[in-house]
Amino acid sequence: MRKIKEFIFERLILFSGLASVFFVLLIFFFLLKEGLAVFKTVPIGDFLAGKNWYPISDPAQLGILPLILGSLMVTLGATIISVPIGTACAVYIAEVAPEKIKNFLKSGIELLAAIPSVVLGFIGMVTLVPWVKKIFHLPTGLTALSGSIMLAFMAMPTIVSIAEDALYSVPKSYKEGAFALGATHWQTIWRVLLPSASSGILAAVMLGIGRVIGETMAVMMITGNAARIPQSILQPVRTLTATIAAEMGEAVVGSEHYFALFAIGIVLFVFSFAINVTAELFLHKDKR
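Following numbering that gives the first Met the number 0, the numbering of the sequence shown begins with 0 at its first residue and continues without gaps.
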């Protein structure tokens, strides 16, 4: 009876894994089917490197370079903010905090990850955006900086959780050996634990970036949605995800605009897939 139960559970787990891969492939093929149609009328080079996004003009101008640069600027800003803070928090939770505080902080981080992005976007609109406008004396606080700060806040739970697990998985003999050689606690953290957990921490960073680049509602609410090439992080930008969310409901099915939005989905899929594969490679390297 026990072997039968184990066999059933093993097959269920196998089926779940295969189903996940199958659904991802279905999504990708659906995006290809709808998105590649736009390249019948718009060369792929003009689509990726075009500087103007005016999908309802005559003729339509379907260049997504401003959208790609807007996404990269917001993602890079969020990474610069979230990585050092998230890594420092992970080190504090894993190595410094007392047990009671550690459990409290871990619970708080899990709760932060559960807050819907639209709620965080609304909070950013009423608090962060006026602050950015006042501090930098801007005509509007709906800028790439506002989006970067909010997305950094959203990425940190992922970075902290995975980086803390990576630090915790470092063999205790490493720490004991460092103490035996006369290293202080901070020297052990800096010279032994962080290098040993570097692959896991880097994987945490990559997954946090994946969380950021796929975010939609928060960036649509607080980045200004200006489809132009950004010259500064203090200017409004529009991201790839916000473009799909804002325009899909208005696009005529079967039009160039409709197919172009699916092509943007292909670009996003490729970005997210590359980031997640890179994170998985570092995770497996860490395990080895």
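Ideal Cβ positions, reconstructed from N, Cα and C, are used throughout, including at glycine. These numbers come from a predicted model, not from an experiment.
Under the 8 Å Cβ criterion, the stretch 261-279 counts as touching the stretch 25-33, having at least three qualifying pairs.
Counting the other CB atoms within 10 Å of its CB gives residue 126 a total below 16, which places it among the exposed residues. Taking all protein chains shown into account, residue 140 has 16 or more neighbouring C-beta atoms within 10 Å of its C-beta and is therefore buried. For residue 61, the three-state secondary structure derived from DSSP is strand. Secondary structure of residue 49 (DSSP, three-state): coil. Under the three-state reduction of DSSP output, residue 223 falls in the strand class. The straight-line gap separating the alpha-carbon atoms of residue 253 and residue 224 is approximately 25 Å.
Per DSSP, reduced to three states, the secondary structure at residue 236 is strand.
Residue state for residue 196 is assigned as coil, using DSSP reduced to three classes. Comparing alpha carbon positions, the residue from 159, 14, 123 closest to residue 203 is 159.
The Cβ atoms of residue 50 and residue 243 do not sit closer than 9 Å to each other. Assignment of residue 136 by DSSP, reduced to helix, strand and coil, places it in the coil class. Taking the C-beta atoms as reference points, residue 240 is found nearer than 9 Å to residue 70.
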